[in-house]
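Asks: Following the working numbering, the numbering of the sequence shown begins with 1490 at its first residue and continues without gaps. Backbone N, C-alpha and C define an ideal beta-carbon position, used for all residues, glycine too. Keep in mind it's a predicted model, so treat the numbers as computed, not measured.
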Amino acid sequence: MGLTDPGQKSSAEDRARRVREMFAKISPRYDLLNHLLSANIDLRWRRRAVRKLKPLLTKDARVLDVGCGTGDLSIELFEKTAAQVTGIDFCRPMLTLAQAKAPRLAFIEGDALRLPFADASFEALTIGFALRNLASVEDGLGELLRVLKPNGVVAILEFSQPVGGLFRRLVGFYNRCLLPRIGGLLSGSRGAYEYLPDSILKFPNQETLAGMMRAAGFEDVRFENLSGGIAALHTGRRR
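Given below as structure tokens:
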């Protein structure tokens, strides 16, 4: 996590614990609500990320899906490429669901800020809708770079800032006013669906995240907006 004073470290650890507990609580209905509240657009976003990576992956390339949750992106990678896919997440109930959906895949419990792998272990990395949940985005990017092999590629799929004033306001209204009510009613945890729009607002926009990736050491950094910027797909390479 970098150098911090004890108070900062405690605060970061407490935030991580609360995020983990929140996801554990909503895990039984996580997939259902993801697809329902996004009108299944989230599935299209994941497919786009895999299509972007597929031409860059050699047969049996090692791919790590960081913050894999219930495994949707890991499974898409496994089914659409010839890569060896491993998923990692710090929320055990999410991993239990992922393993039930894909028994042939390897899912590991672990922290994205302290990945249990040696330097330069993977040809490719993905992280879908998890980077903004980390206590430090900068440290998370540094850890991704560490485990990526030279010339390896990373794909970051994350909520972002919609383009266009009116569209941004409409998405903001949905996220602030409708999402917490619907998500809370169906999941039993309104707080989790209040956290979601709050975390999106606090997360760096497309250009800022691209700059953070370059500062972390990634090269050839690019991004494309998905669904008008509701989400964005960033890619980069390690030298």
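For my contact list, residue 1617 and residue 1535 are in at a C-beta cut-off of 8 Å; report their separation, rounded to the angstrom.
Replies: Translated into positions along the sequence shown, residue 1617 becomes position 128. Translated into positions along the sequence shown, residue 1535 becomes position 46. Sure, about 6 Å apart at Cβ, within 8 Å.
Asks: Do residue 1659 and residue 1720 have their C-beta atoms closer together than 8 Å?
Replies: Along the sequence shown, one-based indexing puts residue 1659 at 170. Along the sequence shown, one-based indexing puts residue 1720 at 231. Cβ atoms of residue 1659 and residue 1720: not closer than 8 Å.
Asks: Is the beta carbon of residue 1627 less than 8 Å from the beta carbon of residue 1705?
Replies: Here residue 1627 is taken as the residue at index 138 of the sequence shown, counted from 1. Here residue 1705 is taken as the residue at index 216 of the sequence shown, counted from 1. Against a cut-off of 8 Å, the Cβ pair of residue 1705 and residue 1627 comes out as a contact.
Asks: Check this for me: beta carbons of residue 1518 and residue 1675, under 8 Å apart or not?
Replies: The residue given as residue 1518 occupies position 29 in the sequence shown. The residue given as residue 1675 occupies position 186 in the sequence shown. Contact flag set, yes.
Asks: Do residue 1622 and residue 1700 come within 8 Å of each other at the CB atom, strictly closer than that value?
Replies: Locating residue 1700 in the sequence shown gives position 211, where the first residue counts as 1. Locating residue 1622 in the sequence shown gives position 133, where the first residue counts as 1. Not in contact: residue 1700 and residue 1622 (Cβ atoms no closer than 8 Å).
Asks: Which residue comes first and which comes last in the alpha helix (DSSP H) that contains residue 1680?
Replies: Residue 1680 sits at position 191 when you count from the first residue of the sequence shown. Taken as a continuous stretch (DSSP letters only), the alpha helix (DSSP H) holding residue 1680 covers 1679-1691.
Asks: Taking all protein chains shown into account, do 16 or more other C-beta atoms lie within 10 angstroms of the C-beta of residue 1554, making it buried, or fewer, making it exposed?
Replies: Position 65 of the sequence shown, counted from the first residue, corresponds to residue 1554. It counts as buried.
Asks: Assess, as a yes-or-no matter, whether the segment 1642-1657 is touched by the segment 1709-1725 under the definition of 3 or more beta carbon pairs within less than 8 Å.
Replies: Contact between the segment 1709-1725 and the segment 1642-1657 is present, because at least three Cβ pairs lie under 8 Å.
Asks: So residue 1551 packs on residue 1573, CB below 8 Å; how close in whole Å?
Replies: As a working note, residue 1551 is residue 62 in the sequence shown. As a working note, residue 1573 is residue 84 in the sequence shown. About 5 Å separates the two Cβ atoms, so the contact holds.
Asks: First and last residue of the beta strand (DSSP E) that includes residue 1642?
Replies: Here residue 1642 refers to the residue found at position 153 when the sequence shown is read from its first residue. That run of the beta strand (DSSP E) goes 1637-1648.
Asks: If we count the other Cβ atoms within 10 Å of its Cβ and call it buried at 16 or more, is residue 1521 buried or exposed?
Replies: Here the question's residue 1521 lines up with position 32 in the sequence shown. Exposed: under 16 other Cβ atoms inside 10 Å.
Asks: For residue 1605, count neighbouring C-beta atoms within 10 Å of its own C-beta (all shown protein chains included) and say buried if the count is 16 or more, exposed if not.
Replies: Taking the sequence shown and counting its residues from 1, the one referred to as residue 1605 is at position 116. With fewer than 16 other Cβ atoms within 10 Å, it is exposed.
Asks: Which of the three DSSP states, helix, strand or coil, is assigned to residue 1549?
Replies: For this step, residue 1549 is matched to residue 60 along the sequence shown. Note: residue 1549 maps to coil in three-state DSSP.
Asks: Nearest CA to the CA of residue 1730: which residue from 1538, 1537, 1507, 1546?
Replies: Outside the shown range of the chain (1490 to 1728) lies residue 1730, about which nothing can therefore be said.
Asks: Going by the CB atoms, is the gap between residue 1688 and residue 1583 shorter than 8 Å?
Replies: The residue labelled residue 1583 in the question sits at position 94 within the sequence shown. The residue labelled residue 1688 in the question sits at position 199 within the sequence shown. Cβ distance not < 8 Å, so residue 1583 and residue 1688 don't count as in contact.
Asks: Is it the case that the Cβ atoms of residue 1738 and residue 1726 are separated by a distance below 8 Å?
Replies: The structure shown has nothing for residue 1738, since the chain only spans 1490 to 1728.
Asks: State the beta-bridge partners of residue 1618 as determined by DSSP.
Replies: On the sequence shown, position 129 is the one that residue 1618 refers to. Answer by DSSP bridge pairing: none, since residue 1618 is not bridged.
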